[in-house]
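**Student:** Residue numbers for the sequence shown follow the working numbering, so the first one is 218 and each next one is one higher.
A virtual CB, placed ideally from N, CA and C, is assigned to each residue, including glycine.
Quick caveat: nothing in here was measured; it's all calculated off a predicted structure.
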Amino acid sequence: MTQSREAENRLARPFPTARPSGCPFDPPAPFTEAREECPVTPLRYPDGHVGRLVTGLQAARSVLGDTRFSSLPAGKRSPVKVPGSELSTDALPPGMFVNMDPPDHTRYRRLLSKHFTIRRVRELRPRIQEMTDRLLDEMESAGGPVDLVQAFAKPLPTLVTSELLGLPEADRSQFGRHVDVLFSLSSSGEEMQQSMMGLGGMLNALIAAARKDPGPDILGRLTVETDLTDEELLGITIVLLIAGLETTTNMLALGTYALLRHPGQLAALRADWSLMDDAVEELLRYLSVVQIGPIRVAAEDFEFEGQPIRKGEVVTVSLPAANRDPLGFDNPDSLDIRRGATRHVAFGSGPHQCMGHHLARLELGIGYESLLRRFPRLELAVPAEEVGTREMMVTYGVLELPVRW
Numbered sequence: 218m219t220q221s222r223e224a225e226n227r228l229a230r231p232f233p234t235a236r237p238s239g240c241p242f243d244p245p246a247p248f249t250e251a252r253e254e255c256p257v258t259p260l261r262y263p264d265g266h267v268g269r270l271v272t273g274l275q276a277a278r279s280v281l282g283d284t285r286f287s288s289l290p291a292g293k294r295s296p297v298k299v300p301g302s303e304l305s306t307d308a309l310p311p312g313m314f315v316n317m318d319p320p321d322h323t324r325y326r327r328l329l330s331k332h333f334t335i336r337r338v339r340e341l342r343p344r345i346q347e348m349t350d351r352l353l354d355e356m357e358s359a360g361g362p363v364d365l366v367q368a369f370a371k372p373l374p375t376l377v378t379s380e381l382l383g384l385p386e387a388d389r390s391q392f393g394r395h396v397d398v399l400f401s402l403s404s405s406g407e408e409m410q411q412s413m414m415g416l417g418g419m420l421n422a423l424i425a426a427a428r429k430d431p432g433p434d435i436l437g438r439l440t441v442e443t444d445l446t447d448e449e450l451l452g453i454t455i456v457l458l459i460a461g462l463e464t465t466t467n468m469l470a471l472g473t474y475a476l477l478r479h480p481g482q483l484a485a486l487r488a489d490w491s492l493m494d495d496a497v498e499e500l501l502r503y504l505s506v507v508q509i510g511p512i513r514v515a516a517e518d519f520e521f522e523g524q525p526i527r528k529g530e531v532v533t534v535s536l537p538a539a540n541r542d543p544l545g546f547d548n549p550d551s552l553d554i555r556r557g558a559t560r561h562v563a564f565g566s567g568p569h570q571c572m573g574h575h576l577a578r579l580e581l582g583i584g585y586e587s588l589l590r591r592f593p594r595l596e597l598a599v600p601a602e603e604v605g606t607r608e609m610m611v612t613y614g615v616l617e618l619p620v621r622w
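See the structure below:
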């Protein structure tokens, strides 16, 4: 090891999770400090490994698009200490394509991509609007105040994703509880193992039912149109269910909270609903709810951003930091729904960009607009400082959002 690398290792930071006091929408301050120093800086992992933290927008895009950074679980480390967070190839079903490199990753993406095209997603608009209106009807009938997370932000993505994959209504609450455990940084290893086993049991039963009587949902079509094994279908279904629920739930609640805390932006949106698409993009950029990862491992020695990267080094990309990069966005720490923030990386980038981004955008646009139109006087039902946030979760958001109208 060279002297410079030894000195660099001594300066390596741990991964920050604490948000600035009074600024629940801003990334942890050390991310900004690291980005100002260099878009790629040393990061000390909980087991002592020194890898890299990527905080710059262009560097993030480069990592996520460079095949020299592997997505395989071998060698990966969590940047935060979580019981049971060590990634193992033995623990992952073969269909979990998010943890694969080409050509395996490419094969699964091709099989699934036709279910998430813009045309196919647009066909879902009437059904998603119907689900949204029903949830808002129930909210209105119950009267306020309500917790928007439980009344609206969580049920809507659960309904949409469950219907797309054929998950029975009776299983949806239990599925959500398993997901909460798996995404919590405070879950024990035993709790995570139990939830993974419980989730696997539920989904294996779902796959068996789809084999016996395939429906029009994605899982039913995959059993008919492909030669995927049950193990592959299990991995695929886990990825799609978790991805379809966790991020959209938190974006719906946190995005509403952000608009309520920025009354000027909310007033501009109410005055011109044609800004909704731009508002969705800006909220995705500004909030960047995936606060831990993506994580990659260098597959070889090479130079990146002027720095030597060694084979086996773990690289963690901070999407919230990248989306606040002043080299990518003017005045990035402000919420501006007229910004036209189309270059953000809230859905990742490159070959692993979230396949369901068109669906997520549609859900968010319908969800925000329908909620705000239905309740023109929507407001927080508690002081803002009492709204708790999910700092100790992989996906950031609010724990509850009490609202009234």
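Please work out which residues of its chain come closer than 6 Å, Cβ to Cβ, to E449, disregarding the five sequence neighbours upstream and downstream, and give them in chain order.
**Tutor:** P311 and G312
**Student:** Note down the Cα distance separating E303 from G461, rounded to an integer number of angstroms.
**Tutor:** The predicted model places E303 with a pLDDT of 47, which falls under 50 and marks its position as unreliable; any figure quoted below should be read in that light. So the two alpha carbons sit approximately 24 Å from each other.
**Student:** Hey, how far is the Cα of D283 from the Cα of L458?
**Tutor:** So the alpha carbons of these two residues sit roughly 27 Å apart.
**Student:** To which residues of the same chain is G184 closer than 8 Å at the C-beta, ignoring the five residues directly before and after it?
**Tutor:** There is no way to answer for residue 184, as the model of the chain reaches only from 218 to 622.
**Student:** To which residues of the same chain is V398 closer than 7 Å at the C-beta, ignoring the five residues directly before and after it?
**Tutor:** S404, E408, M409 and S412
**Student:** Among residues of its own chain, excluding the 5 on either side of E580, which ones have a beta-carbon nearer than 7 Å to its beta-carbon?
**Tutor:** I345, L373, P374, V377 and T465
**Student:** Using the Cβ count rule (16 or more neighbours within 10 Å means buried), how would you classify L228?
**Tutor:** exposed
**Student:** By DSSP, does A516 sit in helix, in strand, or in coil?
**Tutor:** coil
**Student:** Please list the terminal residues of the continuous alpha helix (DSSP H) segment that includes V456.
**Tutor:** D447 to R478
**Student:** So what does DSSP say about Q524, is it helix, strand or coil?
**Tutor:** Strand at Q524.
**Student:** With distances taken from CA atoms, which of D354, R555 and F369 is nearest T619?
**Tutor:** The identity of residue 619 in the sequence shown is Pro, whereas the question assumes Thr. Selected option, being the one with the closest Cα: F369.
**Student:** What number of angstroms, rounded off, separates the C-alpha of T306 from the C-alpha of E522?
**Tutor:** Residue placement at T306 is poorly supported in this model, since its pLDDT is 45, which falls under 50; the coordinates are not used for a value here.
**Student:** Taking 8 Å as the threshold, find out whether the stretch 384 to 401 comes into contact with the stretch 485 to 494 through three or more Cβ pairs.
**Tutor:** no
**Student:** With a threshold of 16 other CB atoms inside 10 Å of the CB of K371, please say whether the residue is buried or exposed.
**Tutor:** buried
**Student:** Can you give the beta carbon distance from V271 to V534, rounded, assuming they're within the 8 Å contact cut?
**Tutor:** 4 Å
**Student:** Quick one: grab the DSSP three-state call for R294.
**Tutor:** Annotated three-state conformation of R294 is coil, per DSSP.
**Student:** With a floor of 4 residues, list each alpha helix (DSSP H) that falls wholly inside the stretch 241 to 268, ordered by position along the chain.
**Tutor:** Entirely contained in the stretch 241 to 268, the alpha helix (DSSP H) runs reaching 4 residues are, in chain order, 246 to 254.
**Student:** Indicate whether I509 and V297 have their beta-carbon atoms separated by less than 8 Å.
**Tutor:** Going by C-beta atoms, I509 is nearer than 8 Å to V297.
**Student:** Is P537 near S505, with beta carbons less than 8 Å apart?
**Tutor:** yes
**Student:** For the structure I just gave you, are there three or more beta carbon pairs, one from the stretch 336 to 352 and one from the stretch 574 to 589, closer than 8 Å?
**Tutor:** Counting C-beta pairs closer than 8 Å gives three or more between the stretch 336 to 352 and the stretch 574 to 589, which meets the contact rule.
**Student:** Could you check what DSSP says for M610 in three-state terms: helix, strand or coil?
**Tutor:** strand
**Student:** May I have a chain-ordered list of the alpha helix (DSSP H) segments no shorter than 4 residues that lie completely inside the stretch 382 to 431?
**Tutor:** Annotation: the stretch 382 to 431 contains the following complete segments of the alpha helix (DSSP H) (minimum length 4 residues), in chain order: 389 to 400 and 406 to 429.
**Student:** Can you tell me whether DSSP reads S287 as helix, strand or coil?
**Tutor:** strand
**Student:** At the level of alpha carbons, what is the spacing between R261 and P233?
**Tutor:** 11 Å
**Student:** Could you give the distance in angstroms between the alpha-carbon of L382 and the alpha-carbon of H322?
**Tutor:** Taking the straight line from one Cα to the other gives about 20 Å.
**Student:** Could you name the residues that DSSP lists as bridge partners for V562?
**Tutor:** Per DSSP, none; premise fails for V562.
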